[in-house]
Amino acid sequence: MTNVDLSQYTALITANLPYILLILTALIFLALLVFINISIKMNKLNKRYRRMMTGIDGGNIERLLQVHMEEVRQAVTKVNQLDGEYRRLQAVAAASVQYVGVVRFSAFEEIGSDLSFSLALLDSKRNGVVLSSIYGRSESRVYAKPVVNGQSTYLLTGEEKEAIDKALGKIS
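Residues in the sequence shown are numbered from 1 upward in steps of one, following full-length UniProt numbering.
Put into structure tokens, the structure is as follows:
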């Protein structure tokens with residue numbers, strides 16, 4: 001650029017200086033309005049943040065979250081303990097008597113009432129025992145025979161088979 005070109009720009013700026021100052025003043029005023037708007041929004045946001053960080057009863061929300069996290073950890077521990085207890089009880093229940101069948105009968109013709117019986121006591125795997133009591137006028141005898149999977153390795157009487165079938169719901 002030469003001195004002539006520079007002097008033309010200087011003359012142009014000098015001639016329009018009031019307009020340029022007016023435009024710059026308007027831009028500064030606009031920037032001031034934007035700054036004030038942003039400042040107001042920041043103050044509102046800051047107040048909301050402080051209010052949020054001050055939890056219930058003036059406590060800090062971070063502390064409140066820590067307390068809740070500890071409560072969740074304790075709840076998880078308790079659930080795990082209860083799950084273990086549930087599994088233990090499930091195993092106990094599976095091994096306990098769940099099926100019962102009783103058949104009363106008269107073992108001897110001369111004795112009129114049904115004082116003899118066969119009683120099947122079985123667990124969830126159909127294992128257990130069948131008890132039979134034979135009642136006579138002068139004596140009474142009790143027999144126990146093991147049952148595995150609904151069957152016995154011992155010879156079963158009709159009443160004992162019927163008691164096992166009743167216990168397993170095969171007959172009513």
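Idealized CB from N, CA, C, for every residue including glycine.
All values reported here derive from a predicted model rather than from experimental measurement.
- Query: Are the stretch 138-152 and the stretch 84-98 touching, with three or more C-beta to C-beta distances below 8 Å?
  - Reply: These segments do not touch.
- Rounded to whole angstroms, what's the CA-CA distance from residue 72 to residue 30? Just pull it up for me. Pairing residue 72 with residue 30, the inter-Cα distance amounts to about 52 Å.
- Task: Note the first and the last residue of the continuous alpha helix (DSSP H) segment covering residue 134.
- Result: Counted as a single uninterrupted DSSP element, the stretch harbouring residue 134 is not any alpha helix (DSSP H) but the beta strand (DSSP E) occupying residues 128-135.
- Enumerated in chain order, which unbroken segments of the alpha helix (DSSP H) with a length of 4 residues or greater are wholly contained in the stretch 54-95? 61-95, all fully within the stretch 54-95.
- Message: Please list the terminal residues of the continuous alpha helix (DSSP H) segment that includes residue 158.
- Response: Taken as a continuous stretch (DSSP letters only), the alpha helix (DSSP H) holding residue 158 covers 158-167.
- Is the stretch 61-79 touching the stretch 130-147, taking contact as three or more C-beta pairs under 8 Å? Of all C-beta pairs linking the stretch 61-79 to the stretch 130-147, fewer than three are shorter than 8 Å, placing the two stretches out of contact.
- Query: Identify the residues that DSSP records as bridge partners of residue 145: which are they?
  - Reply: Looking at the DSSP assignment, residue 145 forms a beta bridge with 130.
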